[in-house]
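Asker: Before anything else, here's the structure in question.
Written as structure tokens, this is what we have:
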């Protein structure tokens, strides 16, 4: 039991960073509330990272434990690379939110609750036997009890024409107003947002603004609030920034790649969580000439993309785990006909339908091996919401330059998470070359290859004199005609694999951070970068100069220098949100190393503390 | 000025150097040659022609055409072709498929491509059997049909291709026997002219696994009596003696004989393929004695690519963005000094 005294007198405390979590019913607007707070803080100059955590049900039964929707944001004047583990402030709009999130609140820290929601009925739904606000179970926390629903109703009693539902729905803005005051943030950005978002409905703008301001002044006036905090802007590289979510960044990366390469962009997709928002973003940009097809199923999405690629577009399809399984045969077709194709897989908890809204890294082996026959493709993985832009661009570049499909892996965590992004101009992105052949020449063959990359040349329908056929039957090594010759099949199998291997010459080497050599090498890949970086950095600051971090963005092929990096450390631990799929890949590829593992399969990202404990054990 | 003239082709220009590997006596040879003869009549450039197929005997077709082509995967040709056409609407895109490929494994793509009305031509080789896998019943096989996978007779009732297609909003549907190349060539040409998805069902004999499956309709001796070949704007007359016709009696179509019971040619239905309401087209597909061949439905409508093109043009005129940077640097951006 914690006996630390709680100081109830207001004071201003200067903080380095703070972690806040907003929780409520899935209809309570917690995602909007969290997004507004993080955007406002980013514009103020803080570094931020966010983590939305919501149920698969759109409007789960009100007040239920499984219907709780949450949004966590970590802001600071220091470098922020994860949304953080335990929170400094929990805003709970109902008992279910409190019950399911209390464990995450640091002892002695603050909880704001809407007391109006703590009715008998809601307590029962949250399976509380007694009211936690009365029974002393929260005595280790600073609990700020506010009757937010009543205060919201009171604030809006003079707004004529507003229905009761709209009034109650704006109570999240009361909470946001309070939090803005507590952390010394202006309400300007959010009011501007209301004006834009609800421009056809002035009544809603008025109501939300009023409630936001009421919450803000309520916090200022009431002595209930123990502290006001101040977090100064972070030191970030100069430039123009915006807040970006991983899914948006992927969409924009493809737009940039299409412009840079001069290809028209074709995007086909079938709705699936959590990948849908990439498509939802791209369809907004038909003004750039983007061609989009919401297909009848996952297979039609990938095969129409293959058709579009055959006809000379940069073709993209996006999905999540179950959809990748359905696309498998078609990816094999794109692979054997050696056409460009990007398949984005935003991984979620599996197998089968699994945990659609939760994160996991368990599609790595499916991406590598989930097709019939010998069917290697390029696999790369984004590792932060912001670098989703770079890796979408890179996926497009590699597929066009190497004439083979690319699977780009993301995951629910970085797809929905957001961070500041120092905006890159298309002019600053690398050039993209291609293998298109425009003129018929004598002795031309569809399977003539670039001698360095082994990419075959690309004759696009509409080009006179280069008419040819491709298909899923094994191809003759030169003409591309059907061939059942045994030696040819072996030759083609090997050359398709060799082509992927040679991509090594076109990708960066693996870098190690914090230490180039030492006692422990922490290995990760994809969306866990922020968690691993934060933990190794903290250990570094605690004096552990013997721990290095090597994070992989390139899975197939692996960077050329991988073995050299592995050799420089005494122990290696591979950390993944699965049971050890990348560890298996490393084991297959590199003999003589012991790959220790740290795995988590809870649909959640790694916590800082669990990683630090693990790493400390290994170097003591 | 850029020349858009199309050079004079013959069927040889569309014949590839690959040896044709269908069974001797297969109607597929007839269809291949009909297509190679139809293409020079269409006014399209050879380099703009693309054949896309799925899997099955019929799907080897693209290898034998000296055009661009892709032999895809089972059932997916309509989806692949959709991507081809949307990527480059200038291309003349043909889907080659069979009854198993399009109606079983590819059933979903089949109905959706028709619904969307993309300007594609789909040639469905219906032989009521799986040939390449050596003789299993297909979604168009008859009840009772004995096959490798139904040794005691098929118990699954079949699809009717035309009825299914029109139910799925097909704007163009034609049907033709696999042994009538002249009419077939003409229908191919008409389907290319039609803007929208054209579906042509070919009653194709498989001499190995389902020999004679359509002989009662397509046999030389019987076909004039057993096929009503419809033409838009013309009365529905058939028969060796051209003395039989179709009238509407209540909610049924009825076969009548001109000159009997006071029936004259004036009493016969006149075929209107361009009618939006498909009721009569569906009724024509349901009669069995005779069956109806020719272009049964040809209703002009906007294509998907026309709708998309219009939308893109409108979005372009509504947008202030011309370059991707305009988007990247728009909205809530902020400076760090």
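Protein chains in written order, with my numbering: chain A, 1 to 620; chain B, 621 to 957. We put the beta carbon where it would ideally sit given N, CA and C, even for glycine.
Once DSSP output is grouped into helix, strand and coil, what is the label at residue 690 of chain B?
Answerer: Strand, per DSSP.
Asker: Could you tell me whether the Cβ of residue 687 of chain B comes closer than 8 Å to any Cβ of chain A?
Answerer: Yes, because at least one Cβ of chain A sits closer than 8 Å to the Cβ of residue 687 of chain B.
Asker: Please report the residue range of the beta strand (DSSP E) in which residue 887 of chain B lies.
Answerer: That residue, residue 887 of chain B, is in no beta strand (DSSP E); it is neither H nor E in DSSP.
Asker: Flag residue 941 of chain B as yes if its beta-carbon sits less than 8 Å from any beta-carbon of chain A, otherwise no.
Answerer: So, interface residue.
Asker: When the cut-off is 8 Å and only beta carbons count, does residue 729 of chain B lie next to chain A?
Answerer: Closer than 8 Å: yes.
Asker: Does any residue of chain B bring its CB to less than 8 Å from the CB of residue 286 of chain A?
Answerer: Closer than 8 Å to some Cβ of chain B, the Cβ of residue 286 of chain A qualifies, so yes.
Asker: Tell me where the beta strand (DSSP E) around residue 51 of chain A begins and ends.
Answerer: Counting along the chain, the beta strand (DSSP E) containing residue 51 of chain A begins and ends at 47–53.
Asker: So that I know if they touch, is there some Cβ in chain A lying closer than 8 Å to that of residue 668 of chain B?
Answerer: Closer than 8 Å to some Cβ of chain A, the Cβ of residue 668 of chain B qualifies, so yes.
Asker: Determine, using beta carbons only, whether residue 830 of chain B comes closer than 8 Å to chain A.
Answerer: Not one chain A Cβ lies under 8 Å of residue 830 of chain B.
Asker: Just to confirm, are residue 320 of chain A and residue 273 of chain A a CB contact at a threshold of 8 Å?
Answerer: Taking 8 Å as the Cβ cut-off, residue 320 of chain A and residue 273 of chain A qualify as a contacting pair.
Asker: Just to confirm my understanding: we take residue 386 of chain A, look at its own chain, exclude 5 residues before and 5 after, and list those with CB closer than 7 Å. What are they?
Answerer: Once the five neighbours on either side are set aside, the close Cβ partners of residue 386 of chain A are 244, 249, 419 and 421.
Asker: Straight-line CA distance for residue 673 of chain B to residue 570 of chain A?
Answerer: Going from the Cα of residue 673 of chain B to the Cα of residue 570 of chain A covers about 56 Å.
Asker: Is the Cβ of residue 499 of chain A closer than 8 Å to any Cβ of chain B?
Answerer: Not one chain B Cβ lies under 8 Å of residue 499 of chain A.
Asker: Taking all protein chains shown into account, do 16 or more other C-beta atoms lie within 10 angstroms of the C-beta of residue 578 of chain A, making it buried, or fewer, making it exposed?
Answerer: So residue 578 of chain A ends up on the buried side.
Asker: Counting only beta-carbon atoms, is residue 442 of chain A nearer than 8 Å to chain B?
Answerer: Not closer than 8 Å to any Cβ of chain B, the Cβ of residue 442 of chain A fails to qualify, so no.
Asker: Alpha carbon to alpha carbon, how far is residue 313 of chain A from residue 47 of chain A?
Answerer: If I take the Cα positions, the gap works out to 38 Å.
Asker: Looking at the C-beta of residue 622 of chain B, does it have a partner C-beta in chain A at a distance below 8 Å?
Answerer: Residue placement at residue 622 of chain B cannot be trusted, given a pLDDT of 41 that sits under 50; what the coordinates show is reported in the next sentence. Closer than 8 Å: no.
Asker: Nearest-angstrom Cα distance between residue 563 of chain A and residue 592 of chain A?
Answerer: Roughly 10 Å separates the two Cα atoms.
Asker: Along chain A, in chain order, which residues have C-beta atoms closer than 8 Å to that of residue 682 of chain B?
Answerer: In chain order: 469 and 471.
Asker: Who are residue 114 of chain A's beta bridge partners in DSSP?
Answerer: For residue 114 of chain A, which the question treats as bridged, DSSP gives the partners A:146.
Asker: Look at the alpha carbon of residue 305 of chain A and the alpha carbon of residue 365 of chain A, and state the distance between them as a whole number of angstroms.
Answerer: Cα-Cα distance, rounded: 23 Å.
Asker: Check the Cβ of residue 304 of chain A against every Cβ in chain B and list those closer than 7 Å, keeping chain order.
Answerer: Going along chain B in sequence order, the residues near residue 304 of chain A (Cβ under 7 Å) are 699, 700, 702 and 703.
Asker: Under 7 Å from any heavy atom of the ligand NAP, does the C-beta of residue 132 of chain A make it?
Answerer: Questions concerning the ligand NAP fall outside what the structure shown contains, since it holds no ligand whatsoever.
Asker: Please name the residue, chosen from A:56, A:75, A:30 and A:67, that lies closest to residue 45 of chain A on a Cα-to-Cα basis.
Answerer: For residue 45 of chain A, the nearest C-alpha among the options comes from A:75.
Asker: Along chain A, in chain order, which residues have C-beta atoms closer than 8 Å to that of residue 747 of chain B?
Answerer: Result: empty, since nearest Cβ-Cβ is about 21 Å, beyond 8 Å.
Asker: I want to verify the contact list: residues of chain B whose CB lies under 9 Å from the CB of residue 315 of chain A, in sequence order.
Answerer: In chain order: 703 and 707.
Asker: Mind checking if residue 325 of chain A is an interface residue toward chain B, Cβ cutoff 8 Å exclusive?
Answerer: No - not a single Cβ of chain B is within 8 Å of the one on residue 325 of chain A.
Asker: Determine which residues share a DSSP beta bridge with residue 745 of chain B and list them.
Answerer: Partner(s): B:718 and B:822.
Asker: List, in order along the chain, the chain B residues whose C-beta lies closer than 8 Å to that of residue 293 of chain A?
Answerer: In chain order: 702, 703 and 706.
Asker: What do you reckon, are the CB atoms on residue 143 of chain A and residue 171 of chain A nearer than 8 Å?
Answerer: No; because the gap between Cβ atoms is not below 8 Å, this pair is not in contact.
Asker: Counting along the chain, where does the beta strand (DSSP E) carrying residue 411 of chain A start and finish?
Answerer: Residue 411 of chain A -> beta strand (DSSP E) spans 405–411.
Asker: Starting from residue 621 of chain A, follow the beta strand (DSSP E) in both directions and report where the run begins and ends.
Answerer: Absent from the model: residue 621 of chain A. The displayed extent of chain A is 1 to 620, so no value can be given.
Asker: Provide the residue span of the alpha helix (DSSP H) that contains residue 733 of chain B, from first to last.
Answerer: Residue 733 of chain B -> alpha helix (DSSP H) spans 727–736.
Asker: What is the DSSP secondary structure of residue 673 of chain B, counted as helix, strand or coil?
Answerer: Strand at residue 673 of chain B.
Asker: Any C-beta of chain A within less than 8 Å: which residues of the stretch 919–937 of chain B qualify?
Answerer: For the stretch 919–937 of chain B, which is checked against every Cβ of chain A, the residues closer than 8 Å are 928, 931, 932, 935 and 936.
Asker: Count the other C-beta atoms from every protein chain shown that fall within 10 angstroms of the C-beta of residue 795 of chain B, then say buried if there are 16 or more, exposed otherwise.
Answerer: That one is buried.
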